[in-house]
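Below you'll find the structure, written out as structure tokens, and then a few comments.
Residue numbers (this note's numbering), protein chains in the order written: chain A, 1 to 167; chain B, 168 to 334; chain C, 335 to 642.
Written out as structure tokens, the structure is:
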């Protein structure tokens with residue numbers, strides 16, 4: 001059994017972003033080996049032309065479908081988030097913390113429905129402030145969307161890149 | 168987007184054995200193309216030395232971990248019952264028969280949601296009593312968790328032993 | 335007991351499953367007794383029997399510390415709206431009080447949820463907790479560009495990812511661990527419940543005191559008096575409130591009456607969340623009888639309204 005394949009198996013099995021430590025503990029490998037394997041896997045998957053990718057999300061790694069393929073097979077997935085809702089989510093993440101009233105100015109009346117849905121999915125947090133709500137992303141937001149950023153500047157940069165070089 | 172990778176994406180997304188027809192319908196491809204892609208994928212995956220395989224199961228195809236890897240990483244997957252729900256299930260099993268209202272006092276507002284879900288999973292039984300419900304474990308409870316007990320009293324005893332002799 | 339009381343009682347019992355088996359019959363008796371008392375004319379000075387019955391139901395919760403979850407607010411709203419549509423006449427002061435009572439119950443419910451829900455920690459955490467407060471989202475042009483790009487491009491910059499969804503059975507060790515944790519948490523929860531029970535008598539607002547005093551003139555005099563402390567320029571209505579919710583309702587409702595009497599002008603800067611503004615249209619002496627010296631002094635102590 002190759003180290004690299006064990007790590008690949010761990011990522012396939014987990015189905016969500018996981019830390020190298022977690023993999024090392026679960027499968028009984030050294031951290032160095034896990035880290036090296038992750039590095040190689042990220043590279044191999046990105047260059048093999050297939051539909052699957054392994055990406056770094058903050059301190060974690062995750063195996064998932066590449067964006068364009070995810071869209072193509074989205075009919076098969078259980079829960080589909082609408083494009084409109086994704087746009088609202090992106091705006092909240094980029095401008096956060098942002099007042100719901102400001103969001104309303106950007107996306108119009110659907111802001112309230114979207115905020116409700118994103119909250120139900122535990123993707124954003126709301127905090128009453130004045131007559132409106134202050135919105136920010138939850139801890140599970142970057143994990144869910146596979147955003148590799150740990151602070152405000154990084155997330156803004158990440159989003160800027162996505163806009164300039166869409167997949 | 169390569170045909171083959173679209174089919175690969177569909178298999179990844181499905182997460183269970185799926186028929187070629189279903190893939191063709193979902194992603195809008197011809198059956199011949201889907202079948203040819205499946206054939207190639209089975210071959211490629213078996214020879215690439217990785218942890219994942221695509222195999223034919225009857226009329227269906229599935230993407231899964233190769234046996235030896237599946238065993239090694241099996242604990243990385245999420246449990247089919249969340250920790251929170253599991254806690255409520257354990258409390259019911261220990262205190263059974265227990266009134267839903269008493270459970271509410273122990274675990275708070277989530278009691279009702281949990282009772283509903285445990286009932287849907289056939290792990291507990293509910294019986295109306297007064298204005299509330301009496302809860303107890305179902306026949307499939309011990310089977311599900313691999314507890315060596317055949318009736319409610321034995322299950323209760325098993326949990327009591329766990330308190331006295333923690334592992 | 336008339337039909338309306340019966341309807342209210344039925345709705346009170348809508349969430350039967352919440353009612354504890356320990357005291358259910360006793361509790362239902364208490365309800366019946368209470369509604370019977372109210373039927374005899376205790377407490378409420380509202381005239382309409384239907385409004386009275388709803389107020390009574392709310393009172394049961396607020397004044398007598400019943401389980402707030404026994405009130406199904408949605409059902410009550412529906413019942414009330416139906417009645418309003420049928421009757422045609424709405425007493426806005428009473429309606430306002432009912433709304434406030436409903437709000438108080440909702441608050442009690444949410445407090446209950448906050449205590450009981452015990453939400454998992456990660457939901458409370460903000461991933462980018464060190465971010466500064468939003469001081470204007472369009473400060474930088476690149477921010478504006480980003481917003482435009484997101485809204486105008488067909489594809490969003492993020493995708494809902496598709497990942498494997500493997501699940502496995504719970505192991506015996508996990509079950510035992512969960513059991514151990516659950517026992518400890520349940521003990522803690524029971525302790526919290528007891529503490530809450532002890533603390534609760536202090537919490538409900540002095541509701542009966544307020545509902546008894548439907549003296550609108552006094553309320554309007556109080557609001558007018560506060561308004562006269564300002565120089566006559568438009569001010570936000572909230573400058574006239576103190577921190578008490580009852581005070582807000584009193585001031586808001588009496589300000590509407592003052593507007594109706596052409597003593598003040600009220601408008602909202604931007605619908606629906608803009609500031610509500612109020613402006614005095616007549617001189618203080620042309621307004622209403624001022625409050626007595628004692629009442630004035632008491633109100634000065636209770637509010638933090640600036641004297642201009």
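The beta-carbon is built from N, C-alpha and C at its ideal position, and this holds for glycine as well.
Should residue 222 of chain B and residue 201 of chain B be called a contact, given that it needs their Cβ atoms to be closer than 8 Å?
Locating residue 222 of chain B in the second chain gives position 55, where the first residue counts as 1. Locating residue 201 of chain B in the second chain gives position 34, where the first residue counts as 1. Against a cut-off of 8 Å, the Cβ pair of residue 201 of chain B and residue 222 of chain B comes out as no contact.
Roughly how many angstroms lie between the CA atoms of residue 262 of chain B and residue 142 of chain A, to the nearest whole one?
Residue 262 of chain B sits at position 95 when you count from the first residue of the second chain. Residue 142 of chain A sits at position 142 when you count from the first residue of the first chain. If you draw a straight line from the Cα of residue 262 of chain B to the Cα of residue 142 of chain A, it comes to about 40 Å.
Report the rounded CA-to-CA distance for residue 178 of chain B versus residue 416 of chain C, giving the unit in angstroms.
Here residue 178 of chain B refers to the residue found at position 11 when the second chain is read from its first residue. Here residue 416 of chain C refers to the residue found at position 82 when the third chain is read from its first residue. Between residue 178 of chain B and residue 416 of chain C, the C-alpha separation is close to 54 Å.
Contact set for residue 31 of chain A: own chain, Cβ-Cβ below 8 Å, skip 5 residues either direction:
Translated into the one-based positions of the first chain, residue 31 of chain A becomes position 31. Only 20, 21, 24 meet the Cβ criterion.
DSSP on residue 152 of chain A, reduced to helix/strand/coil?
For the purposes of this step, residue 152 of chain A is taken as the residue at position 152 of the first chain. Residue 152 of chain A falls in the helix class under three-state DSSP.
Is there a Cβ from chain A that is less than 8 Å from the Cβ of residue 378 of chain C?
By 1-based counting over the third chain, the position of residue 378 of chain C is 44. Residue placement at residue 378 of chain C cannot be trusted, given a pLDDT of 43 that sits under 50; the coordinates are not used to answer.
Residue 262 of chain B by DSSP, collapsed to three states: which one?
Mapped onto the second chain, residue 262 of chain B falls at position 95. Residue state, collapsed to three classes: helix.
Identify which residue in A/66, A/39, A/59, A/118 has its Cα closest to the Cα of residue 91 of chain A.
As a first step, residue 91 of chain A must be located in the first chain, where it is residue number 91. Nearest C-alpha to residue 91 of chain A among A/66, A/39, A/59, A/118: A/118.
If contacts are defined as beta-carbon pairs under 8 Å, then residue 564 of chain C and residue 160 of chain A qualify, I think. What distance do you get, rounded to the angstrom?
Here residue 564 of chain C refers to the residue found at position 230 when the third chain is read from its first residue. Here residue 160 of chain A refers to the residue found at position 160 when the first chain is read from its first residue. Their Cβ separation, rounded to whole angstroms, is 48 Å, which puts residue 564 of chain C and residue 160 of chain A out of contact at 8 Å.
Under the assumption that residue 554 of chain C contacts residue 592 of chain C (Cβ atoms under 8 Å), give the Cβ distance between them as a whole number of angstroms.
As a first step, residue 554 of chain C is located in the third chain; it is residue number 220 there, counting from the start. As a first step, residue 592 of chain C is located in the third chain; it is residue number 258 there, counting from the start. For residue 554 of chain C against residue 592 of chain C, the beta-carbon gap comes to about 6 Å, under 8 Å, which counts as contact.
For the beta strand (DSSP E) holding residue 311 of chain B, just list the boundary residues, first then last.
Taking the second chain and counting its residues from 1, the one referred to as residue 311 of chain B is at position 144. DSSP places residue 311 of chain B in no beta strand (DSSP E) but in the uninterrupted alpha helix (DSSP H) bounded by 307-312.
Report yes or no: is there a C-beta of chain A within less than 8 Å of the C-beta of residue 169 of chain B?
Locating residue 169 of chain B in the second chain gives position 2, where the first residue counts as 1. Closer than 8 Å: yes.
Chain A beta carbons: is any one of them nearer than 8 Å to that of residue 464 of chain C?
Counting from one through the third chain, the residue named residue 464 of chain C turns up at place 130. Confidence is the limiting factor: at residue 464 of chain C the pLDDT is only 47, short of 50, which leaves the residue's position unreliable, though a coordinate-based value still follows. Closer than 8 Å: yes.
Please return the same chain residues whose Cβ sits closer than 8 Å to the Cβ of residue 411 of chain C, not counting the five positions on each side in sequence.
Sequence index remark: in the third chain, residue 411 of chain C carries index 77 (1-based). Hits under 8 Å: 436.
Distance between residue 254 of chain B and residue 45 of chain A (C-alpha atoms, nearest Å):
Translated into the one-based positions of the first chain, residue 45 of chain A becomes position 45. Translated into the one-based positions of the second chain, residue 254 of chain B becomes position 87. Each residue's alpha carbon lies about 39 Å from the other.
Check whether the Cβ of residue 252 of chain B lies closer than 8 Å to any Cβ atom in chain A.
One-based indexing of the second chain puts residue 252 of chain B at position 85. For residue 252 of chain B, the answer is no, since every Cβ of chain A falls outside 8 Å of its Cβ.
Measuring only the C-alpha atoms, how far is residue 324 of chain B from residue 256 of chain B?
Taking the first residue of the second chain as 1, we reach residue 324 of chain B at position 157. Taking the first residue of the second chain as 1, we reach residue 256 of chain B at position 89. In a straight line, the C-alpha of residue 324 of chain B is about 15 Å away from that of residue 256 of chain B.
What's the gap between the Cα of residue 272 of chain B and the Cα of residue 196 of chain B?
Taking the first residue of the second chain as 1, we reach residue 272 of chain B at position 105. Taking the first residue of the second chain as 1, we reach residue 196 of chain B at position 29. A straight-line Cα-Cα distance of about 55 Å links residue 272 of chain B and residue 196 of chain B.
So with Cβ pairs under 8 Å, would you call residue 71 of chain A a contact of chain C?
By 1-based counting over the first chain, the position of residue 71 of chain A is 71. Residue 71 of chain A counts as touching chain C.
Could you tell me the distance, in whole angstroms, from the CA atom of residue 133 of chain A to the CA atom of residue 281 of chain B?
Here residue 133 of chain A is taken as the residue at index 133 of the first chain, counted from 1. Here residue 281 of chain B is taken as the residue at index 114 of the second chain, counted from 1. Straight through space, the alpha carbons of residue 281 of chain B and residue 133 of chain A are spaced by roughly 30 Å.
Spatially closest choice to residue 497 of chain C from A/47, A/37, A/48, A/74, by CA coordinates
If you number the third chain from 1, residue 497 of chain C lands on position 163. Comparing Cα positions, the closest option is A/74.
Can you pull the chain B neighbours of residue 503 of chain C, defined as C-beta to C-beta under 9 Å?
Sequence index remark: in the third chain, residue 503 of chain C carries index 169 (1-based). Per Cβ cutoff of 9 Å: 246, 247, 248, 311, 312, 313.
Along the chain, which unbroken stretches of the alpha helix (DSSP H) at least 4 residues long are found entirely within the stretch 28-114 of chain A?
Taken in chain order, the whole alpha helix (DSSP H) runs of length 4 or more contained in the stretch 28-114 of chain A are 31-47, 67-72, 83-95, 100-107.
For residue 136 of chain A, three-class secondary structure by DSSP
For this step, residue 136 of chain A is matched to residue 136 along the first chain. Residue state, collapsed to three classes: strand.
How should residue 53 of chain A be labelled, buried or exposed, when 16 other C-beta atoms within 10 angstroms of its C-beta is the threshold for buried?
Reading the first chain from its first residue, position 53 is the one you call residue 53 of chain A. Counting Cβ neighbours within 10 Å, residue 53 of chain A comes out buried, since at least 16 surround it.
For chain B, is any of its Cβ atoms less than 8 Å away from the one on residue 455 of chain C?
Here residue 455 of chain C corresponds to residue number 121 of the third chain, with the count starting at 1. Residue placement at residue 455 of chain C is poorly supported in this model, since its pLDDT is 37, which falls under 50; the coordinates are not used for a value here.
Expected contact under 8 Å - CB spacing of residue 216 of chain B and residue 5 of chain A to nearest Å
For the purposes of this step, residue 216 of chain B is taken as the residue at position 49 of the second chain. For the purposes of this step, residue 5 of chain A is taken as the residue at position 5 of the first chain. Confirmed, about 7 Å.
Below 8 Å between beta carbons is the criterion; list the residues of the stretch 124-137 of chain A that meet it against any residue of chain C, in chain order.
Contacts with chain C (Cβ-Cβ distance below 8 Å) from the stretch 124-137 of chain A involve 125, 131, 132, 134, 136, 137, listed in chain order.
For residue 318 of chain B, the nearest candidate out of B/303, B/332, B/204, B/174 (CA to CA)
Working through the second chain from its first residue, we reach residue 318 of chain B at position 151. Cα-wise, what sits closest to residue 318 of chain B is B/303.
Considering only DSSP beta bridges, list what residue 569 of chain C is partnered with.
Position 235 of the third chain, counted from the first residue, corresponds to residue 569 of chain C. Per DSSP, C/612.
Could you spell out the range, first to last residue, of the alpha helix (DSSP H) harbouring residue 579 of chain C?
The residue you call residue 579 of chain C lines up with position 245 of the third chain. Unbroken alpha helix (DSSP H) run through residue 579 of chain C: 579-594.
Considering only the beta carbon of each residue, do residue 15 of chain A and residue 500 of chain C sit closer than 8 Å?
Taking the first residue of the first chain as 1, we reach residue 15 of chain A at position 15. Taking the first residue of the third chain as 1, we reach residue 500 of chain C at position 166. Closer than 8 Å, so yes.
Within 7 Å of chain A by C-beta, residues of the stretch 182-197 of chain B in sequence order:
Within the stretch 182-197 of chain B, the qualifying residues are 193, 194.
Hey, is residue 5 of chain A's beta-carbon within less than 8 Å of any beta-carbon in chain B?
Here residue 5 of chain A corresponds to residue number 5 of the first chain, with the count starting at 1. Taking a beta-carbon distance threshold of 8 Å, residue 5 of chain A counts as an interface residue toward chain B.
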